Amino acid sequence: MERDRKTVIADAAIALLASGGSKGLTHRAVDAQAGLPAGSTSFYCRTRQELLTLALLRHAALDMADLQADAQRMSRLEWRADDFIDLLTERVADWLSPAKRTRLLARFELFMMASRDPELAAIVTQQRQHFLAATEVALSRAGVADPAGLAPMVLVTVDALLLDQISASGPMLSRAQQQAMFSMVLNKGGLR
């Protein structure tokens, strides 16, 4: 199935944000990256803000699709704390994989841009609420007493781990170290 033009543009913008940061993101560069005729990106996204919004929403949709696949997989299992910790560790490993590295770099570039742009910040906040809700559902299913209180801690831990690993010049944390981090957070929430 062929992707629609806006999706092609959003994916090209994500690739450019990852490779060249915000300075590398121009309408012309997106056209070239996507292999589209000159002016195509401008037709769909008149302004840079519209282009950034499109990239941010596409990025969030891709991440949410990953979480929905995780939820589907876990719906077939009897929940245990170790299963949830394994799931979190696998999600981090997947997002750190070479196949998704571009998306991860773009994620943090977009987050940094949103820290200086109220319009983008509002979109990040709105999308974050969707991720919090999905995390709360998973935590509730895992038997956590206060899923709403623990969900932000889980998301912050995931983001911190991803940022550390994507930017680290030293050795990557082992799977066991990552599991220990998640275990500490979940122990605070009464999961174990």
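For the sequence shown, the working numbering gives the first residue as 2, with consecutive numbering after it.
Beta carbons are placed, not taken as given, at the ideal position from N, Cα and C, and that holds for glycine.
Quick caveat: nothing in here was measured; it's all calculated off a predicted structure.
query: Under the three-state reduction of DSSP, which class applies to Leu5: helix, strand or coil?
result: In the sequence shown, the residue the question calls residue 5 occupies position 4. According to the sequence shown, residue 5 is Asp rather than Leu. Three-state result, Asp5: coil.
- prompt: Taking Arg129 as the reference, which of His60, Asn188, Leu164 has the closest Cα?
  reply: In the sequence shown, the residue the question calls residue 129 occupies position 128. It is His60.
message: How far does the alpha helix (DSSP H) with Trp96 in it extend, from its first residue to its last?
response: Looking up residue 96 in the sequence shown gives position 95. Per DSSP, Trp96 belongs to the alpha helix (DSSP H) from 82-97.
message: Taking the alpha-carbon of Gln179 as reference, which of Glu91, Ala30, Thr8, Arg29 has the nearest alpha-carbon?
response: To locate residue 179, count along the sequence shown from 1; it is residue 178. The shortest Cα separation from Gln179 among Glu91, Ala30, Thr8, Arg29 belongs to Glu91.
message: Under 8 angstroms: do the stretch 121-140 and the stretch 32-43 share three or more Cβ pairs, one atom per stretch?
response: no
- prompt: In this structure, does DSSP put Glu79 in helix, strand or coil?
  reply: As a first step, residue 79 is located in the sequence shown; it is residue number 78 there, counting from the start. Glu79: coil per DSSP, three-state reduction.
- prompt: Helix, strand or coil: which one does DSSP assign to Met113?
  reply: Reading the sequence shown from its first residue, position 112 is the one you call residue 113. Met113: helix per DSSP, three-state reduction.
field: Top-ranked residue by Cα proximity to Thr158, from Ala82, Ile86, Ala13, Thr54
entry: Mapped onto the sequence shown, residue 158 falls at position 157. Nearest C-alpha to Thr158: Ile86.
field: Endpoints, the alpha helix (DSSP H) within which Arg142 is located
entry: Here residue 142 refers to the residue found at position 141 when the sequence shown is read from its first residue. First-last of the alpha helix (DSSP H) with Arg142: 119-142.
task: Report the residue ranges of all alpha helix (DSSP H) runs contained in full by the stretch 29-67; include only those spanning at least 4 residues, in chain order.
output: 41-45
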